[in-house]
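This report refers to the structure that appears directly beneath it.
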Amino acid sequence: MLRNLGKWFLRVLLLVNVVVVDVSPAKEKAACVYSGVFNFGDSNSDTGGLSAAFSPLPWPYGETFFEKAYGRYSNGRLIMDFIAEKLGMPYLSAYLNSLGANYSHGTNFATGGSTIRQPNETIFATSISPFSLDIQIAQYDQLKSRSKDLFESDPKIRNMLPKEELFSKALYTFDIGQNDLAVAIRTINNDDQIRAEIPKIIAQLSSAVQHLYKEGGRSFWIHNTGPIGCLPDSTGSITSQPGTLDKYGCIKSRNNIAKEFNKQLNDTVSKLRTELPKAAITYVDVYTAKYGLISQATSLGN
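Below, the structure written as C-alpha cells:
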C-alpha cells in the first residue's frame, strides 16, 4: 500500500512539470527546475519541527524506512520527502531544529498540530501546536532576512544557508487546514456553524500565499485536506447510528465538511491565479488520493 502511495505521489509531481510554465511576456515554455522547497503545514508534512520544539518522537515512528524515530508522524517517509527525492535534493530540515540543520535547499516550517488560524488552546491540553500559519510565515520572513545578513558576514556558514536567489526559484508548498476543521468539529459541534468558519480559515491561507508572492515566491503547491471523517480519532469518537457512516466506515458528515473546505479552497486558488499573474499555483487533490487508498485498501494490500 505504501509503495502504491509513493507511485501515486510521483505521478502527481510529474503533473506539476506540465502545468508550471514560464510566465514571461514571450510565453515560452520552460523546464520545471526548482532550487529548493519552503513548506508550511502540520503533521502531514512535519519533518521534525514539533519534535525539536518539545520532545523527540518515540519508536515505532520511522521504523519502516529510517529504522528509527526521525521527527515524522509516520512509520516512513512523508509526501515532502518524496518531493525532495523527486527534485534530487536532501530531505528538508525543520526550521525549529537547531542541530545539524541545512537550509541551503529550503526549509520546513511545518509542525504537527498546526492550524491556519491562531489557536486559542494549549498544545498540552489538545495537541494543537502554537506554531500556526502566521507564525510559520513570520519564521520564513526571519529566515530570509537573517540569511542575507549572515551570508554576507559569516562565510563559514554560507553552505548551510539559502542563497538570496533561492527565494524566487523555490517551490512553496502548503499542507495545512485539517486541524482547523478538527478543532471546529470538537468545539462547535454544529455543521452549519462549522461551514460558516471555513471562509475565514481559507482567507488566512490566501493571505499567506499573497504575502509570499510579494516576497518573490512564484511557484505554489497547495494541498487540499483529506477525508477527516476517516481518521481513527473521528471514527472512534462517535456512536454508529444508522446513516452516520459510509460503506468504508467513515463519518459522512465530517467528510462533507472536508469536501466543502476543499471546494472553497479550489475556488480561492482559481481566484489567486487571476490576482497573482506571475504565479504558477497547483491545487493538489489529496482528498481523492487518500479516500481512494481507503476505499481500495483490500486490492492495494490493506
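Numbered according to mature numbering (1 follows the signal peptide of the UniProt record, and there is no 0), the sequence shown spans residues -25 to -1, 1 to 277.
C-beta: ideal position from N, C-alpha, C; glycine also.
Exercise. Between which two residues does the beta strand (DSSP E) harbouring residue 255 extend?
Worked result: First-last of the beta strand (DSSP E) with residue 255: 255 to 259.
Problem set entry | Under the three-state DSSP convention, the category residue 275 falls into | Three-state result, residue 275: coil.
Exercise. Should residue 247 be counted as a contact of the ligand GDP given a C-beta to heavy atom distance under 7 Å?
Worked result: No copy of the ligand GDP occurs in the structure displayed, which carries no ligand at all.
Exercise. If you follow the beta strand (DSSP E) that residue 80 is part of, which residue opens it and which one closes it?
Worked result: From DSSP, residue 80 is part of no beta strand (DSSP E); its letter is neither H nor E.
Problem set entry | Closest Cα partner of residue 250 within the set 25, 189, 56 | Taking only the C-alpha atoms, the option nearest residue 250 is 189.
Exercise. Per the contact definition of three or more C-beta pairs closer than 8 Å, is the segment 155 to 174 in contact with the segment 191 to 198?
Worked result: The segment 191 to 198, when compared against the segment 155 to 174, does not touch it at the 8 Å Cβ threshold.
Exercise. Between residue 233 and residue 201, what straight-line distance do the alpha-carbon atoms span, to the nearest angstrom?
Worked result: Taking the straight line joining both Cα atoms gives about 7 Å.
Exercise. For residue 150, does the three-state DSSP call read helix, strand or coil?
Worked result: Three-state DSSP puts residue 150 in a strand.
Problem set entry | Where the alpha helix (DSSP H) through residue 8 begins and ends | Counting along the chain, residue 8 falls outside any alpha helix (DSSP H), and DSSP gives it neither H nor E.
Exercise. Assuming residue 258 and residue 199 make a contact with CB atoms under 8 Å, what is their CB distance in whole Å?
Worked result: 7 Å between Cβ atoms; contact.
For this session: Just tell me which of 245, 223, 238, 241 has its CA closest to the CA of residue 272.
Result: Considering only alpha carbons, the answer is 223.
For this session: For residue 263, name the three-state secondary structure that DSSP assigns.
Result: DSSP, reduced to helix, strand and coil, places residue 263 within a helical segment of the structure shown.
Problem set entry | Separation of residue 66 from residue 74, as counted between CA atoms | Between residue 74 and residue 66, the C-alpha separation is close to 15 Å.
For this session: Taking 8 Å as the cut-off, decide whether the C-beta atoms of residue 150 and residue 20 are in contact.
Result: Yes, the Cβ-Cβ distance between residue 150 and residue 20 is below 8 Å.
For this session: Put residue 32 into one of helix, strand or coil per three-state DSSP.
Result: Note: residue 32 maps to coil in three-state DSSP.
Exercise. Between residue 12 and residue 146, is the Cβ-Cβ spacing less than 8 Å?
Worked result: Cβ distance < 8 Å, so residue 12 and residue 146 count as in contact.
Problem set entry | Residues that DSSP places opposite residue 194 in a beta bridge | 146, 255.
For this session: Determine the extent of the alpha helix (DSSP H) in which residue 117 is found, giving its start and end residues.
Result: Taken as a continuous stretch (DSSP letters only), the alpha helix (DSSP H) holding residue 117 covers 108 to 128.
Exercise. Do you know offhand how far residue 42's Cα is from residue 32's?
Worked result: Distance between residue 42 and residue 32, taken at the CA atoms: about 13 Å.
Exercise. With a Cβ-Cβ cutoff of 8 Å, do residue 152 and residue 180 count as a contact?
Worked result: Yes, these two residues count as a Cβ contact at 8 Å.
For this session: Sort out for me which residues DSSP pairs residue 220 with in a bridge.
Result: When DSSP reads this structure, residue 220 sits in a beta bridge with 226.
Problem set entry | Per-residue burial, residue 124 [other beta carbons within 10 Å of its own, 16 or more giving buried] | By the neighbour-count rule (16 or more Cβ atoms within 10 Å), residue 124 is not buried but exposed.
Exercise. Taking all protein chains shown into account, do 16 or more other C-beta atoms lie within 10 angstroms of the C-beta of residue -2, making it buried, or fewer, making it exposed?
Worked result: The pLDDT assigned to residue -2 is 35, lower than 50, so where the model puts this residue is not dependable; a value taken from the coordinates is nonetheless given after this. Under a 10 Å Cβ-count criterion, residue -2 is classified as exposed, with fewer than 16 other Cβ atoms of the shown protein chains found around its own Cβ.
For this session: Tell me whether residue 229 is buried or exposed, calling it buried when 16 or more other Cβ atoms sit within 10 Å of its Cβ.
Result: By the neighbour-count rule (16 or more Cβ atoms within 10 Å), residue 229 is buried.
Problem set entry | Range covered by the alpha helix (DSSP H) that runs through residue 39 | No residue range can be given for residue 39, since it is assigned to no alpha helix (DSSP H) and is classified by DSSP as neither H nor E.
Exercise. Is residue 51 helix, strand or coil by DSSP?
Worked result: Per DSSP, reduced to three states, the secondary structure at residue 51 is coil, with no helix or strand assignment.
For this session: State the beta-bridge partners of residue 88 as determined by DSSP.
Result: Under the DSSP definition of a beta bridge, residue 88 lacks any partner.
Problem set entry | residue -1 in three-state terms, based on DSSP | A caution first: residue -1 carries a pLDDT of 36, below 50, which makes its placement in the model too unreliable to give a value.
Exercise. What separation, rounded to the nearest whole angstrom, lies between the Cα atoms of residue 129 and residue 78?
Worked result: In a straight line, the C-alpha of residue 129 is about 15 Å away from that of residue 78.
Exercise. According to DSSP, what are the bridge partners of residue 57?
Worked result: Looking at the DSSP output, residue 57 bridges to nothing.
Problem set entry | Simplified DSSP assignment, three categories, for residue 46 | Reduced to three states, the DSSP call for residue 46 is coil.
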